[in-house]
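There are 2 protein chains.
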Amino acid sequence: MNQSIKVWAPGTVANMVCGFDVLGFALADPADEIEMELLQERRIEIAPDPVYQLPTDPDKNVAGAALQALLDAIPDEQVGFRLRITKHIKPGSGIGSSAASSAGAVVAANHLLQQRFSPDELVQFAMHGEKLASGVKHADNIAPCIHGGITLIRSIFPLDVVRLPAPDLHVSLVHPQIEVRTADARAILKQHVLLKDAIKQWGNIAGLVAGIVQNDHALIGRSLHDHLIEPVRSILIPGYEELKQRCLAAGALGGGISGSGPSVFMLSASAAIAEAVAHEMRSVFSRIGIEHAVYVTHISPAGVRTSI
Amino acid sequence: MNQSIKVWAPGTVANMVCGFDVLGFALADPADEIEMELLQERRIEIAPDPVYQLPTDPDKNVAGAALQALLDAIPDEQVGFRLRITKHIKPGSGIGSSAASSAGAVVAANHLLQQRFSPDELVQFAMHGEKLASGVKHADNIAPCIHGGITLIRSIFPLDVVRLPAPDLHVSLVHPQIEVRTADARAILKQHVLLKDAIKQWGNIAGLVAGIVQNDHALIGRSLHDHLIEPVRSILIPGYEELKQRCLAAGALGGGISGSGPSVFMLSASAAIAEAVAHEMRSVFSRIGIEHAVYVTHISPAGVRTSI
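Chains as they are written, first to last, in the working numbering: chain Z, 4 to 311; chain R, 4 to 311.
As structure tokens, this is what we get:
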């Protein structure tokens, strides 16, 4: 039995424009590094984070909450975990930083426990981390972080995670260094929507899923529209409209707000287009004078992994 | 050049439970028969319907309106059509009776005109028939009637019809002989819906489309839920809840109201289950004392066709 392991837990993009609360995909980059040792007693020991000063108390740390849920499922076993998370996914960026910590921790623990839990069980455990982070037990970052590719949360109660193939798409992603709290981004949404707008939304998500499964880039592009959430949330991101228009003009198939923001992602059919799109992203936020980080990567078929 | 032709235009099931206004599929049976002759002058001549006494004035007949839209696209040509429609799809049944007349007519005309129009153009023409029938230019019966299989209307303006493969599924369908006017069925819908219910709906349509494209019957079954329309419209169909529960207990994957009703359809993985489901359908409406017609058929990969 392995006594220690290291895993990489990828950043993830939730919502995917028209798939609010149900779709998400895994990024090849960035990813958090999680080093873990198996202990012979029921204890969770989290090393201090030198950069972000995340809580080391397991009850207040998202990875700790996820691991505690896992331990609660095996109440009679004398095991525990010592872990160190090296964060490469900035907390608050909107690309699944808390999900990477939670999902990475339970996947690492499952390796040390000889794969005794199923992926669906791991998703359930990691959701306790999301609950701690945002107050809501959601899985739209957790599921793609664990499974890789694109995942659909068809239903959350009961949990039904549908794995979709990862189409061969490149991702440009910009993280403008402004704060958008998930709770605020959720609070500004209207509780009611017009049926006719909801119909447009499910026409698009149906087209997007058909495009993903059939690897039809044109259909994916035509379907990447959000008539409900983007008009409200984009107000929180300075320069959003200009950014989007310039990315589309540079050849992106489409894109939008990553999760609840502030990161914005764009999908492209080639690495060259993704680079051109990234150039527009840097240009817009440089002009507005907002510090930003840009990634050019792709949809990763793999989720949490044991090698880089 | 052929001077006459005969086509069969299939019945269709719009909405498909969670795909309100966007999904539809073609039935192998019943189908209307349309016999058409090419005329050398701009005239539409419709034979009287001996059973349903449908209007013979082309401006008041759905097939006439569709053919007129087609003629409007070729204003300089001296052509016209003489047609006779033998209705096997009862008007008002909720399985695309008007769509079959409209779509069948323009497909027949297109054969006589040596296929000069694309399928998307034919859908556009036939939608004029739907406008006449229901006041709304919708395509969720027209598109599967023309293309066969399952179709997604991703967007109506501009029209974007996405063809999905026809999974190998059997259909049981019951038409209780009660009147549900499309306009009434539409009027009772709420204009606003809860965002949380809309999210459930698009989780299900996403699952349904993934299940259809991947021919995953279990996923199709899990996704056939409608949290928005069925609770309102099912009130118009006596015995609906009992009917649905008994069909599911007999092994159906799922199903619901066909279009705006009153027909109800169920999908099943085998012909034997579809027969058992049909038995439940007959039993429920016999006990309530409502006359009914039952069909046991399958999703047809073909749309309007030139042979039976």
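Every residue, glycine too, gets a C-beta built ideally from N, C-alpha and C.
These numbers were taken from a predicted model, which means no experiment stands behind them.
Sub-7 Å separation of His230 (chain R) and Lys203 (chain R) beta-carbons: yes
Quick one: measure Cβ to Cβ for Thr300 (chain R) and Leu30 (chain R), integer angstroms, because I've assumed they're closer than 8 Å. 5 Å
Quick check: the Cα distance between Gly138 (chain Z) and Val109 (chain Z), rounded to an integer number of angstroms? 19 Å
Could you tell me whether any non-hydrogen atom of the ligand MN is closer than 6 Å to the CB of Val25 (chain R)? By its list of ligands, the structure shown contains no ligand whatsoever, and the ligand MN lies outside what it can speak to.
Any contact of the region 167-182 of chain Z with the region 167-181 of chain R, i.e. 3+ C-beta pairs under 8 Å? no
Spatial neighbours of Glu233 (chain R) within its chain, please: CB distance less than 7 Å, with the 5 preceding and 5 following residues excluded, ordered by chain position. Gly259, Ile260
Min CB distance Ser158 (chain R) to chain Z below 7 Å: yes
Could you give the distance in angstroms between the alpha-carbon of Ile223 (chain R) and the alpha-carbon of Leu73 (chain Z)? 31 Å
Would you call Arg225 (chain Z) buried or exposed, if buried means 16 or more other Cβ atoms sit within 10 Å of its Cβ? buried
Same chain, Cβ closer than 7 Å to Pro304 (chain R), five either side skipped, listed in chain order: Gly151, Gly152, Ala169
Could you name the residues of chain Z that Ile208 (chain R) contacts, counting a contact when the two beta carbons are closer than 7 Å? Trp205, Ile208, Ala209
How should Pro61 (chain Z) be labelled, buried or exposed, when 16 other C-beta atoms within 10 angstroms of its C-beta is the threshold for buried? buried
Kindly indicate which residue of Z:Gln118, Z:Leu211, Z:Leu176, Z:Asn207 has the alpha-carbon position closest to the one of Phe288 (chain Z). Z:Leu176
Kindly give me the distance between the Cβ atoms of Pro94 (chain R) and Pro179 (chain R), rounded to whole angstroms, as I take these residues to be in contact under 8 Å. The pair is not a contact, with the Cβ atoms about 15 Å apart (cut-off 8 Å).
Taking the CB atoms as reference points, tell me whether Arg87 (chain Z) and Glu48 (chain Z) lie closer together than 7 Å. no
For Leu42 (chain Z) and His131 (chain Z), I'd like the C-alpha separation in whole angstroms. 22 Å
Per-residue contacts from Lys193 (chain R) into chain Z (C-beta, under 8 Å): Leu198
Judging by CA-CA distance, which residue of Z:Val82, Z:His295, Z:Asp79, Z:Ala102 is the nearest neighbour of Ala34 (chain Z)? Z:Ala102
Using DSSP with H/G/I as helix, E/B as strand and the rest coil, what is Ala255 (chain R)? coil
Note the first and the last residue of the continuous alpha helix (DSSP H) segment covering Phe288 (chain Z). 274-291
C-beta contact flag for Gly99 (chain Z) and Asn64 (chain Z) at 7 Å: no
Which of the three DSSP states, helix, strand or coil, is assigned to Leu198 (chain R)? helix
List the residues that DSSP assigns as beta-bridge partners of His301 (chain Z). Z:His173
Who are Glu48 (chain Z)'s beta bridge partners in DSSP? Z:Arg85
Under 7 Å, Cβ to Cβ, is there at least one residue of chain B near Ala201 (chain R)? The structure shown contains no chain B; its protein chains are Z and R.
Taking 7 Å as the CB-CB limit, is Ala213 (chain R) close to chain Z? yes
Can you name, in chain order, every residue of its own chain whose Cβ lies under 7 Å from the Cβ of Ala112 (chain R), other than the five neighbours on each side? Met39, Leu70, Leu73, Phe84
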